[in-house]
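Student: Have a look at the structure that comes next, please.
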Amino acid sequence: MRLEPIANPTWTRSLGLPAVALFATVVVASLLAMIAGAQPFSVLGLIVKGAFGSKFATLETLNRATPLIFTGLAVAVAFRAKLWNIGAEAQLYMGAVFTVVLGTGALAWPAFALLPTIAVAAMLAGAVVLLVPTFLKTRFSVDEVVTTLLLNFVVLLWVSMLLEGSLKDPMGLGWPKSARLIAEARLPRIAEGLRLHWGFGLALISALVVWVIQRRSTLGYEMRAVGLNPAAARFAGIPVNATLIKTALLSGGLAALAGFSEVAGLKGNLTLDISPGFGYTGIIVAMLALLNPLGVVVAALFVAGIFVGADSMSRAAGVPTYLADIMLALALLAMVLAIMLTKFRVRRD
Amino acid sequence: MDILDILLQASFWTAAIRIASPLIFAALGELICERAGVLNLGIEGIMVVGAFAGWLTVYLGGGLWFGVAVAMLSGMAFGLVHGVLTVPFGLSQHVVGLGITLLATSLTYYCYRLALPEVTSPPKIEAFQPLEITILSDIPVIGPALFNQTPLTYLAFVLVVAVTLVLYRTPMGLALRAAGEDPAAVEAQGLSVSAIRICAVMVGSGFMAVGGAFLTMSAFNSFFFEMVNGRGWICIALVVFGSWKPGKTLLGAVLFAAFDALQIRVQQTPLGADIPYQIFLMAPYILSILALVVMSRRAQVPAALMVPFNKGER
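Chains as they are written, first to last, in the numbering used here: chain H, 501 to 849; chain W, 3 to 316.
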């Protein structure tokens, strides 16, 4: 077989194939639920109900989507320039660490000065972690997939060391957790009595900013050019390595904001489990969004909905929550295939 | 205790070879995939599948070698998915690989929960036992290290030799290497690049799964979540370190494992007691990154690695 580009894909093709991909994902997930001894339709209903069925559930989904928007944006920005940042998890934790370092009393400033300072410091910290693999890529052409992956393990161990050492809460009864942030360092809630913090607002603003950068700025143009064809970009006079470094700064900073928002908005202190793999899930979010920053918001809500819904479904129907991860992996693989088939026709020869 | 004393202990080298064994299987598998031109980031998840499939087979009453075969077949099944998506369809090898890792890992955990709903501690199996090769195992230090291991470890070393011979001494190996260097030339010879690459990814994934199975069937005797713990990613670094050659990759795996065995022992010395244990656990990952930097200068990357081949396209 060989692939033949389609000049003008029809609307039915462009929308139909992704729909088929999602449908196939749902069918396979239903079969797996049946194997677990549950009614497939009730399982799917329970997931939707658990994610969006009540005000509480919806707010929970929005809260869960917040870090995923940040990590999804981080991945989308990097992948667009073909900088394979698989290290959003490490960058998230760096952001969280610096939020705790500055937010537990080291700076006794009012909130309007303290919060932006912490956010910028967190972003810088996250950016630095990604700069190391990016520098190794541009200088020594070391593949950044492996280095960013390996750094995830290094940073997580470092955080574990801090939580048992200098960042350990003296009042923590021996648990490896940090002290709580002072009130000025906490992100306020969006509305009184609503269990949703401003991290979500910041995530939406970030998505908009990234969209503007990609669509309206020279940097956005350069990042796309480097991603499409580095050799051609270099020939056209685009500083390829400088563009990759700027991409890394943006991407690492965005991932670090996820850590900032989780600590300052949701948890109030740092533990070793603030992220159940948000950095890795960000890759799925970005791919489902086709690397579009505004699409990342939608994809993050979808992914968060599946996770939150699966949690409550699991309690009700007794199907393991890992069904959520399986659905996401299947959706990812089916979706990249479907998107490719909207642009190419398969020919036998 | 001095570091030199540790290095002269037979038990140290025995441990190093044991730690190296799963890495040898999986790195060899990755090497086969990459030599044919396909980066397989599914390795981490495929090792999880292999670890579980092999262990479950034995737990359900199958023989040990039957368990290894089941692990290999389950790895090959995921390899087939990876191969079909990345080779004829030419999808991003990064995205598909990570997707396969997520799919394989979550599917494994799902099946574990279904198979053993109410267990607090994972059940144990009767794992492979060391098989002493008489006379040879009497050689000081290296004797016990090399000749008092489980059969799976011997298999790992045999495979390194076998893969080297196949890659460099057979037409099949030549075709596989050519598919990773100059696919158009392979097609000109009337061979199918797609078929070669898919087969390579399947066989490679089978090896990765056996590497995972080593963990549950030889190194330990039960299945834990998170037990693969980044070994797959380290194997990808090992292949680069070994500049895509089986012998050098084996050497890298043994060196890495020796370092790992050393850090565990230094942790227990008075010197190690003053250092946070996380530093020791970090060391292997940092070492892998450094190895990548050092080796990248003279690395001979397969020319067509990560380049999809579409027939008739120039």
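Virtual Cβ for every residue (Gly too), placed ideally from N, Cα, C.
Please state whether DSSP places Ser554/H in a helix, a strand or coil.
Tutor: Against the first sequence, residue 554/H aligns to sequence position 54. Residue state, collapsed to three classes: coil.
Student: Using a Cβ-Cβ distance under 8 Å, would Arg580/H count as near chain W?
Tutor: The count along the first sequence starts at 1 and reaches residue 580/H at position 80. Chain W contact via Cβ: absent.
Student: Using a beta-carbon distance below 8 Å, is Arg316/W in contact with chain H?
Tutor: For this step, residue 316/W is matched to residue 314 along the second sequence. Since pLDDT at Arg316/W reaches only 48, below the 50 mark, its modelled position is unreliable, and no value is offered.
Student: What's the C-alpha gap between Met308/W and Ile141/W?
Tutor: For the purposes of this step, residue 308/W is taken as the residue at position 306 of the second sequence. For the purposes of this step, residue 141/W is taken as the residue at position 139 of the second sequence. In a straight line, the C-alpha of Met308/W is about 45 Å away from that of Ile141/W.
Student: Inspect the CB distances between the region 294 to 306 of chain W and the region 639 to 654 of chain H and report whether three or more fall short of 8 Å.
Tutor: Enough Cβ pairs lie closer than 8 Å, so yes.
Student: Look up Ile844/H in the DSSP assignment and give the residues it is bridged to.
Tutor: In the first sequence, residue 844/H corresponds to position 344, counting from 1. For the record, residue 844/H in the displayed sequence is Phe; it is not Ile. DSSP, once it has assigned bridges, lists Pro505/H as partnering Phe844/H.
Student: Mind checking Tyr170/W: buried by the 16 CB within 10 Å criterion, or exposed?
Tutor: The residue labelled residue 170/W in the question sits at position 168 within the second sequence. Per the 10 Å Cβ criterion, exposed.
Student: List the whole-angstrom C-beta distance separating Gly77/W from Ile102/W, where the pair is believed to meet the contact cut-off of C-beta under 8 Å.
Tutor: Residue 77/W sits at position 75 when you count from the first residue of the second sequence. Residue 102/W sits at position 100 when you count from the first residue of the second sequence. Going by Cβ atoms, the distance from Gly77/W to Ile102/W rounds to 11 Å, so no, they are not a contact pair.
Student: Would you kindly work out how many angstroms separate the C-alpha atoms of Arg299/W and Asp262/W, rounded to a whole number?
Tutor: Counting from 1 along the second sequence, the entry for residue 299/W is found at position 297. Counting from 1 along the second sequence, the entry for residue 262/W is found at position 260. Taking the straight line joining both Cα atoms gives about 25 Å.
Student: Whole angstroms is fine: what's the gap from Gln11/W's alpha carbon to Val526/H's?
Tutor: On the second sequence, position 9 is the one that residue 11/W refers to. On the first sequence, position 26 is the one that residue 526/H refers to. Their backbone Cα atoms lie some 56 Å apart in a straight line.
Student: For Leu161/W, return the contacting residues in chain H, with the cut-off set at a CB-CB distance below 9 Å.
Tutor: Within the second sequence, numbered from 1, the residue matching residue 161/W stands at position 159. Per Cβ cutoff of 9 Å: no residues; Leu161/W is ~23 Å from chain H at best.
Student: Taking Cβ positions only, does Gln269/W come closer than 8 Å to chain H?
Tutor: For this step, residue 269/W is matched to residue 267 along the second sequence. Output row for Gln269/W: interface = no.
Student: Starting from the Cα of Val654/H, find the closest Cα among Leu283/W, Lys313/W, Phe130/W and Thr16/W and give me that residue.
Tutor: Counting from 1 along the first sequence, the entry for residue 654/H is found at position 154. Comparing Cα-Cα distances from Val654/H to each of Leu283/W, Lys313/W, Phe130/W and Thr16/W, the minimum goes to Leu283/W.
Student: Against chain W, with Cβ distances strictly below 8 Å, would Thr665/H count as a contact?
Tutor: The residue you call residue 665/H lines up with position 165 of the first sequence. This sequence places Gly at residue 665/H; Thr is not what is there. It does: the Cβ of Gly665/H has a partner Cβ on chain W nearer than 8 Å.
Student: What residues in its chain sit with their C-beta under 6 Å from that of Val268/W, if we drop five residues either side in the sequence?
Tutor: Along the second sequence, read from residue 1 onward, the residue named residue 268/W stands at position 266. Contacts found: Gly274.
Student: Measure the C-alpha to C-alpha separation of Arg316/W and Ala190/W and round it to an integer number of angstroms.
Tutor: Residue numbering aside, residue 316/W sits at position 314 when the second sequence is read from its first letter. Residue numbering aside, residue 190/W sits at position 188 when the second sequence is read from its first letter. With a pLDDT of only 48 at Arg316/W, under the threshold of 50, the placement of this residue in the model should not be trusted, and no figure is reported.
Student: Who does Arg689/H pair with in a DSSP beta bridge?
Tutor: Locating residue 689/H in the first sequence gives position 189, where the first residue counts as 1. DSSP output for Arg689/H lists His697/H as bridge partner(s).
Student: With which residues is Lys677/H paired in a DSSP beta bridge?
Tutor: Translated into the one-based positions of the first sequence, residue 677/H becomes position 177. For Lys677/H, which the question treats as bridged, DSSP gives the partners Thr771/H.
Student: For the candidate residues Met229/W, Ala202/W and Ile198/W, whose alpha-carbon lies nearest to that of Gly213/W?
Tutor: The residue given as residue 213/W occupies position 211 in the second sequence. Cα-wise, what sits closest to Gly213/W is Met229/W.
Student: Distance cutoff 8 Å, beta carbons only. Does Arg199/W sit that close to anything in chain H?
Tutor: Walking along the second sequence from the start, residue 199/W turns up at place 197. No, because no Cβ of chain H sits closer than 8 Å to the Cβ of Arg199/W.
Student: Would Asn312/W count as contacting chain H if we go by Cβ distances under 8 Å?
Tutor: Residue numbering aside, residue 312/W sits at position 310 when the second sequence is read from its first letter. Yes, its Cβ sits closer than 8 Å to a Cβ of chain H.
Student: What number of angstroms, rounded off, separates the C-alpha of Thr271/W from the C-alpha of Leu841/H?
Tutor: For this step, residue 271/W is matched to residue 269 along the second sequence. For this step, residue 841/H is matched to residue 341 along the first sequence. Cα-Cα distance, rounded: 59 Å.
Student: Could you give the distance in angstroms between the alpha-carbon of Ala215/W and the alpha-carbon of Gly56/W?
Tutor: Along the second sequence, one-based indexing puts residue 215/W at 213. Along the second sequence, one-based indexing puts residue 56/W at 54. So the alpha carbons of these two residues sit roughly 5 Å apart.
Student: Quick check: Gly550/H and Val629/H, are their CB atoms within less than 8 Å of each other?
Tutor: Along the first sequence, one-based indexing puts residue 550/H at 50. Along the first sequence, one-based indexing puts residue 629/H at 129. Cβ atoms of Gly550/H and Val629/H: not closer than 8 Å.
Student: Say whether chain W places a C-beta atom closer than 8 Å to the C-beta of Arg689/H.
Tutor: Working through the first sequence from its first residue, we reach residue 689/H at position 189. For Arg689/H, the answer is no, since every Cβ of chain W falls outside 8 Å of its Cβ.
Student: Excluding the 5 residues flanking Ala177/W on each side, which residues of the same chain have their C-beta closer than 7 Å to its C-beta?
Tutor: What you label residue 177/W is simply residue 175 of the second sequence in a count that begins at 1. So the list reads Val188, Leu193 and Ile198, once near-sequence residues are dropped.
Student: Does any C-beta atom of chain H lie closer than 8 Å to the C-beta of Ser94/W?
Tutor: Position 92 of the second sequence, counted from the start, is the residue given in the question as residue 94/W. So, interface residue.
Student: So with Cβ pairs under 8 Å, would you call Ser232/W a contact of chain H?
Tutor: Here the question's residue 232/W lines up with position 230 in the second sequence. According to the sequence provided, residue 232/W is Gly. The question's Ser does not apply to it. Yes, contact with chain H.
Student: List the residues that DSSP assigns as beta-bridge partners of Leu133/W.
Tutor: Translated into the one-based positions of the second sequence, residue 133/W becomes position 131. Leu133/W pairs with Gln151/W.
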